[in-house]
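Report on one structure; see the data block that follows.
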Amino acid sequence: MINSEDLTVNYITNEAGDKTGVILSITQFEELLEDLADLATIAERSNESATSHEDVVAELKRDDLI
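To convert, take the position in the sequence shown, counting from 1, and add 1489; that gives the working numbering.
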């Protein structure tokens, strides 16, 4: 996850000097999009029940994956 302190941001301003936009590197922009997608996934799964470690191991063994 990208830290906001690590962003290199250039601001676009209007004639009055008010900030109207930002310029980010493509790399930083893509990292922010990835973080946003991760957060959306977390939000979607927030109501899912947890599965114990023991149950996961048992299922993997049953499926011959371990």
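Built from N, CA and C at the ideal position, the CB exists for glycine as well. Since we're looking at a predicted model, the values are computed, not measured.
Asked	Found
Can you check which of these residues, I1515, G1506 and L1521, is closest to S1493 by C-alpha distance?	L1521
Nearest by alpha-carbon distance to V1546: which of A1539, I1555 and G1506 is it?	I1555
Over what stretch of residues does the alpha helix (DSSP H) that includes I1531 continue unbroken?	I1515 to E1533
Can you give the beta carbon distance from D1524 to I1491, rounded, assuming they're within the 8 angstroms contact cut?	6 angstroms
With H, G and I counted as helix, E and B as strand and the rest as coil, what does DSSP make of V1498?	coil
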